[in-house]
Structures are given as C-alpha cells and as structure tokens.
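Same order as they appear, the protein sequences are chains D and Y.
For my numbering, count along the first sequence from 1 and bump the result up by 27.
For my numbering, count along the second sequence from 1 and bump the result up by 255.
We treat Cβ as the ideally placed atom computed from N, Cα and C, and that holds for glycine.
Computed from a predicted structure; not experimentally measured.
All remarks here apply to the structure that follows.
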Amino acid sequence: MGLLGDTGRVSESSRVQSAPDPSYNGVSASGEPVVDVRDLRVRFGSVEAVRGIDLRAYAGQATALLGRNGAGKSTTMRVLAGVIPPSGGEVRLAGYDVRTDPMAVKRASGYCPDVGGLVPRATPWEHLELSARLRRLAPGWDERARELLERFELGDAAYRVTSGFSHGMGRRMSVVLAAFHEPRVLLLDEPFDGVDPLGVEATLEVISDARARGACVLVSTHLRELAVEACTTAVVLRGGSRVDTVRAEELGGEGGARAYRDLLD
Amino acid sequence: MPTATSWTDPLRDLRHLVRFRLAQSRRPARLRLMVGVLVVLTLAAMVVPAYLPGAADYEHGRAFDLLLLLPSGYAGFLGLATVSAVASGGGRELVPREEAVAWPIGPATDHAGALLMAPLNIAWLLQGWLLLGATAYVVGPGTLPLAQPIALLWLAFGTALAQLLAWTMEAIRRGRYGVVLTRSLMALVGLAMAGAVVSGRLTGVLDELPTVRLVTVIAAATTGLSWSWVVAVVVLLLLTVVVAGLGVLPARVALRRPARDEQRLETGHYPPRRHPRSELLAMVRVDRASVWRAVSLRRGVILLAAAPGLVALSGDLEWELLTVLPGLVASGAALLFGVNAWCLDGRGGLWRDSLPVAPGAVFAARVWVLLELLLASSAATLVLAGLRAGRPSAAEIAALLCCWLVVALQVVSLSMRWSVRQPFAVDLRSARATPAPPMVMVGYSGRLALSTTVTGLVFSGVAQLADWQVALLVTVPFLSVAGIRLLRARDAWVDPVVRSRVVATVAA
Chain D
28 MGLLGDTGRV SESSRVQSAP DPSYNGVSAS GEPVVDVRDL RVRFGSVEAV
78 RGIDLRAYAG QATALLGRNG AGKSTTMRVL AGVIPPSGGE VRLAGYDVRT
128 DPMAVKRASG YCPDVGGLVP RATPWEHLEL SARLRRLAPG WDERARELLE
178 RFELGDAAYR VTSGFSHGMG RRMSVVLAAF HEPRVLLLDE PFDGVDPLGV
228 EATLEVISDA RARGACVLVS THLRELAVEA CTTAVVLRGG SRVDTVRAEE
278 LGGEGGARAY RDLLD
Chain Y
256 MPTATSWTDP LRDLRHLVRF RLAQSRRPAR LRLMVGVLVV LTLAAMVVPA
306 YLPGAADYEH GRAFDLLLLL PSGYAGFLGL ATVSAVASGG GRELVPREEA
356 VAWPIGPATD HAGALLMAPL NIAWLLQGWL LLGATAYVVG PGTLPLAQPI
406 ALLWLAFGTA LAQLLAWTME AIRRGRYGVV LTRSLMALVG LAMAGAVVSG
456 RLTGVLDELP TVRLVTVIAA ATTGLSWSWV VAVVVLLLLT VVVAGLGVLP
506 ARVALRRPAR DEQRLETGHY PPRRHPRSEL LAMVRVDRAS VWRAVSLRRG
556 VILLAAAPGL VALSGDLEWE LLTVLPGLVA SGAALLFGVN AWCLDGRGGL
606 WRDSLPVAPG AVFAARVWVL LELLLASSAA TLVLAGLRAG RPSAAEIAAL
656 LCCWLVVALQ VVSLSMRWSV RQPFAVDLRS ARATPAPPMV MVGYSGRLAL
706 STTVTGLVFS GVAQLADWQV ALLVTVPFLS VAGIRLLRAR DAWVDPVVRS
756 RVVATVAA
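Okay, here's the thing in structure tokens:
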C-alpha cells in the first residue's frame, strides 16, 4: 500500500496500532529488526512528548523519521541512543533493551544529536580520542579518524576547539563522531541541518557506507527530499505518534510532497 | 521602522531586560524571599553593630582600633570591586550574550546592567556588609543617620568607579597588543604592592589614602550635622553620577572591539598529545581542557589563587588565621563553574552521554577536575600567605592542612549536589558569563561562604591547641559528612531519569 492508499487521508489510529510484524503498513523487510520500538512513550513532567510510537528498522536499510517540529523525532532518537529512558513501552536496539542494558545499546550505536553535540572547548581530535578510548577501539583508529575528518573537510580544524566552529561544521563533526566507530546502528538526528552541499554529499556517503556494511541507519530530518535520497523507508510522526510508514521513494517529487503535507496537517 | 532615541533609552531598556530576566526565574517566590533576606541583612549590618557593647567607645572598646582601620577598609572595597569587574571582562552580563544578540542592546544599557549586577556577588556583599557594620560600630546608634548615608554613597561610588576602570582595562585588553599591555600593567601593580610590603612602607601608604578624609567626616558626624558632612554627601553623589555616566565611554570602545582573549582561545591550535592510558584519564583530560580554555575560568582561577594570598601576605597574617583562606578560595573557584559542573559539556552533553561509559566514572572525572582545581588554587594562596607567617607549630600546620582538605571536599560535595539538582544551560565562552543566574549565584555564594567560614574558624581554634592530632580527629566527621553528601549526589547522577534531565538542560 502506498502513502495514501486509495482513500487519501489515513486514519491515524489504524496506523499507530499496526501489527508488530516485520512487514507493516505495506513496507516489507526481511529478518529481525535491529531497532524494535513498541508503544514508546516519553513524558517530561506533564508533557507527553512521545505517545505510543511503534517503529522497526532493519540491517542494511536506512529509515527516515519525518515530521514537523515537536513531532517526537528527536526524543525518539534520544531514547534509542540511551540518553533518555523511556517512560513506557519497549525499545530494543541491536537486541538490547535500552532500559535494562543502556551500556550495550551505547556500544552498538553511534549518535549525532540534534543540538550541538560537541563539547565546546575540546578539539575534534580530542572528541575522537575520547570516543576511541571509551569505545575501546583497537590501535589504528587514528587512520579512520583522519580519513573521516578529511572526507568532511574538517582536517584543517582538527586541533581547534569546536566553540569556534560554524553551525555547518559542527553538524558535520557530529556525523563524523556518530559514524567513526562503524556502529551497528547509526542514529543521525538532523544531520543535514545547515550543512553545505559537499557536507550533505559526505553525509549521504556515510549513510550509504553504513548500509553497505549491514548497519541499520535511522535519520531524523524535516528535509523530505534528502530523506528520500538517503533512506529506504520513511516513518512520519505527528504530535508524538506515528501516522504512517511508507517506502521513502513514495515521498519523492510533487506528489510525494503533497502527500507528506497531508500527513503533517 | 524608525525608532526615536533619547538619553533615557538605556535606562528604559534596562528596565525591560530586568523584567525579562526576572520572568525567567523558575521559583519567583524564592526569588522574592532572597531579595527580602538580602535587604534585611543589609539593614541589620547598618544598625545592629551600633548597639553592640563597646560601640562608639573610643577609650575602652575596640571602636578606636576599628576607626583606624576604616580608611583601609573603604579603599579595600574599591580595590576588590575593581579586581572583580576587571576579571569578569567589564562586569557581569544582565542577559547572557547568546540571548542578548536578538535585541539591539547598546553599550550604555550593557554598562548599566553591569552596574546593577555588581552587588549580586558575595564578595561585594560581604565587603559591603562589613563596611556598613564597622561604620555602625565606630559611630554608635546616635550618629547612624548621618554616617550610613556616606557609607552607602561610598559603596555606590566605589562600584561605579570599579566599573569605569574595568571597562577601560577591557578596552585596552581588546586593543592592539592589549593582552601584553594589561599583563604588564598587572605585573607593575603587583610589583608595586610587593615593594611597599617588603620596604615596610605599606602603613605609610595606607595613611595617605583619600578615604582617610572620608572617615574623618564620618567620625566628625558624632558631634552633629556639619558643612563638611553636607559637602561630602554632595560630592560623593555627584561623583557617583558622573563616574557612572563616564563608564559608558570605555564600555562603548570595549564592546566595539573584538574579544581577543576569547578569539585566541577559540582559534588557537591544540596539538594532540599521547593517548590517555585509561578511560578516567581520557575524561579528565577533556574536562580539564574545558576549564583552562574558558577565559572566565582561567582568569578567575589565577585571580583567586593569587589575590587572597597577596592580601594575606601584606597583612602579615598569622598561621592560625590562615585557616579561613582555603575556604574563601575554594568557594570562589567553585563559583566559576563547579556549582553547575555539567555545563562544561555544554551542547556536547548529549553526545557525551551517548558514549559507553559508566555514569559513575563520568561523575568521578568531573569531581577529580573540580577537586584538583580547588586544591591547587587554595594551595597557591596558602604558600603565598605563609611566606611571612613565621615558623608554624605542628598543631598549626596540621590544622591548616586538614582544613585545606576538608573545605575542598565540602565545596565539591555541595557543588556536585547543586549541579545535579539545579542545572542551567550556560555558555561559558564569554569572560562575563556566570554558571547560574545572578540570584542563584548569590544563594550559592552565601551557602558556601557560611559553611567554609565556620569550618575555617573551627580549625583556627584547633590550631591554637597543643596537640596536633586533634586536627586529625576533627577532620573525620567533616570528611564523613562531605563524603556522604558526595555519594548521594553521585547516586542521583547515576539515576538515568535524573541524568537525562540534567544533560538535556545543559545541552539545550
């Protein structure tokens, strides 16, 4: 089934309560999900930021989380990264429960947060060194670090503190840090935000490489066209709930834009 | 859209900014309570000492001794206010720079905001209360209505002059060769002070201070209203207004120029070092760099390590009195960032929390960095202060060392508790930034000052005992309480719900 099917607007409740099947809402995938989210709920005081999201993502695939501001994309990503504990529901990443085994979740994932993501008075190299040490990477990580910095055109800034970086440089560096240790699950929250075309290209390349080595990629963005280009599947969120899951290509072009807009309203 | 301008605009803007800042308060009732407490304490400092035994008694009491010291105290207030304003790059910001960029805030408003913020600093408050209290004690109850207006006007004038000097220094510092010039100037002042102390001319210098005339007017007020009192009030009032107004000029120059210190740190290269040998060392290295690469923290630590030691050196303090210094320095150093320790990570907090490392180890690294900073800065102070204090007894040295350790741990445990309980998103890039809003900082300062001063006084008493082992015994309960508090703060941090709230707040 396509994004809108034959009826135009989709009933939200029918989408949210989709069966816990690897193939849901017409999007099929094979194998066990690497990211398996069931009825995720996140509450901050009296505000319920996420209201029962179901989500499954698979190895070798890239899934986009789309939606307007406040849809719950970043909160979901933070839960997946083990940074925020879920208030309800079940979340498993690479087979580990984020609630009971957050350390294993953090080892298996690489996370690019939506805001900043960089320690202001540390250099990119110091970020990479800390990551390598805490992730216990084998000697020789330096080469991979240098290669990534060069690919994202950050080689010249490797020894400068990040507080002097432009917004785009900061975003690119955050993607480098997320992808550096070749995680099984790559979590990129707004990786294209304010990034120049070369940076976007490098990020798309990182996503493609990750998929090629069998990693599961999740990209949260409000940039539909880039989501279509980078991802195989798109999950549309609204008001903290999932409203639909579609093949990313169905959101492409003018028809996709119209359909996407309908889902957001 | 055209906008009219007038000389009152900065004051109008200031009013709006103050309202905006007050509206951001998370606990308005608590804020009102704190303001009330500050007003009551100030009134108490102005009145209560006048009714103490020995007040205004120049023959039998200590009033005469205090009268002799009062000119130095008045001058000391000006010196402290100046040093504080210079170190913070022109005074504290009423609205953080990141938020302020959205509005057209001119240098005059910025200057007025800095003037308004100056008293919201525990050093200013303590010094101010001390001066008001000493003045009240010297003149007694009958002369309070005539003496305290002069004291209050001096506080206002001193603050305005300190601000003028601070903006001037900042304008120089931001100019060409500014860093070299300001450092040379500071070295000259330091050498001049050291020369006066070594040559024994310090007393002569203090006797020549202009504040002697001010104190003469205050003392003369005991005989009733006189022309000299009226002249003093009018002159101080005029000077305060003129100096406060003049402060706009250097402020304008300073704020037009780029902040060279900040730029130098942000654009400088920090070559890689050998890979850290352990996870803990890796985290300590990043946290330590976050401290020393922030202009406000670097300046603050250096100032705190040197200034109290130099004052104690010139005052020729004895060993038993040195026990109050570690608390003073440790509290000051914690107020630079320790009371909101997680703000060091800034927006990198989310990424750091996504790394696979035990939260307890992250906590330990932050405690390590804070503790080493407090211990090192207070050690430097003690070394300086001890240069002229003679040979200490075993009890004195034991009490001092124990006190040094105890207050450092006390301050760290309180700081870490506050850091977890009440985090703030703060950008420490600016030399004028503080780790928490002004009224919160006053609260923290008061709590730290109280607990460390009490501890210092306890160990001061212990230093006068014959047996040095008593110091060790007294240390045990202090360390235990601080240790338990620190463990509780750690437990709170390890809780994923609490930690996620802290991280999300500082990274916002």
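The stretch 339–404 of chain Y is shown to contain whole alpha helix (DSSP H) runs of 4 or more residues at 352–355, 362–372 and 377–394, in chain order.
Not one beta carbon of chain Y lies nearer than 9 angstroms to the beta carbon of M196 (chain D).
For a cut-off of 8 angstroms, the C-beta gap from S533 (chain Y) to A585 (chain Y) is around 27 angstroms, too long to register as a contact.
Taking 9 angstroms as the upper bound on Cβ-Cβ separation, chain Y lies near residues G143, G144, L145, V146, P147, R148, A149, T150, W152, E153, H154, E156, L157, S158, A159 and R160 of the stretch 143–160 of chain D. Here N96 (chain D) is exposed: its Cβ has fewer than 16 other Cβ atoms, across all protein chains shown, within 10 Å.
In the DSSP assignment, S454 (chain Y) falls outside any beta strand (DSSP E) and carries neither an H nor an E.
Taking 9 angstroms as the cut-off, the Cβ atoms of V624 (chain Y) and L741 (chain Y) do not count as close. For Y138 (chain D), the enclosing beta strand (DSSP E) covers residues S136 to C139. The beta carbon of K133 (chain D) sits closer than 9 angstroms to some beta carbon of chain Y. Within chain Y, no residue has its CB atom less than 7 angstroms from the CB of V233 (chain D), the nearest being about 16 angstroms off.
Around the C-beta of Q518 (chain Y), fewer than 16 other C-beta atoms lie within 10 Å, and the residue is accordingly described as exposed.
Annotated three-state conformation of G282 (chain D) is helix, per DSSP. With its beta carbon less than 9 angstroms from one in chain D, W606 (chain Y) belongs to the interface. For Y123 (chain D), the pairing in a beta bridge is given by DSSP as D:L120.
When the alpha-carbon of T495 (chain Y) is set against those of Y:L410, Y:A305 and Y:G645, the nearest one is in Y:L410.
At a Cβ-Cβ threshold of 9 angstroms, F618 (chain Y) and A744 (chain Y) count as neighbours. Listed by position along chain D, the residues whose Cβ is nearer than 8 angstroms to that of T522 (chain Y) are R187 and G191. Residues of the stretch 607–637 of chain Y with a C-beta less than 7 angstroms from any C-beta of chain D: R607, D608, S609, L610, P611 and V612, listed in chain order. According to the DSSP assignment, I557 (chain Y) belongs to no beta strand (DSSP E) but to the alpha helix (DSSP H) extending over V550 to G570. In the three-state reduction of the DSSP assignment, F219 (chain D) falls in the coil class. Contact between V498 (chain Y) and L416 (chain Y) holds: CB atoms are separated by about 5 angstroms, below the 8 angstroms threshold.
Taken in chain order, the complete beta strand (DSSP E) segments of 3 residues or longer contained in the stretch 243–283 of chain D are 243–248, 260–265 and 268–274. The CB of Y329 (chain Y) never comes closer than 8 angstroms to any CB in chain D; the least such distance is about 40 angstroms. Between the alpha carbons of V556 (chain Y) and V356 (chain Y) lies a gap of roughly 28 angstroms. Sequence-distant Cβ neighbours of V546 (chain Y) in its own chain, meaning closer than 6 angstroms and more than five residues away, are L552. With a threshold of 9 angstroms between beta carbons, L67 (chain D) makes no contact with chain Y.
With a threshold of 9 angstroms between beta carbons, R269 (chain D) makes no contact with chain Y. In this structure, T260 (chain D) and R274 (chain D) form a Cβ contact; the two beta carbons are roughly 6 angstroms apart against a cut-off of 8 angstroms. Only residues of its own chain outside the window of five on either side were considered, and among them A159 have a CB closer than 6 angstroms to the CB of W168 (chain D), listed in chain order. Interface flag for P751 (chain Y) against chain D is set, since a Cβ pair is found closer than 9 angstroms. L577 (chain Y) sits close to L637 (chain Y), with the two beta carbons spaced by under 9 angstroms. For L204 (chain D), the neighbours in chain Y by C-beta distance under 7 angstroms run, in chain order, W606. Taking 9 angstroms as the cut-off, the beta carbon of E521 (chain Y) is found closer than this to the beta carbon of R684 (chain Y).
Burial is judged here by how many other beta carbons sit within 10 angstroms of a residue's own beta carbon; I360 (chain Y) has at least 16 and is buried. Residues of chain Y with a Cβ closer than 8 angstroms to the Cβ of Y123 (chain D) do not exist; the shortest Cβ-Cβ separation is about 11 angstroms. Residues of the stretch 103–123 of chain D with a Cβ closer than 8 angstroms to any Cβ of chain Y, in chain order: R105, A108, G109, V110, I111 and P112.
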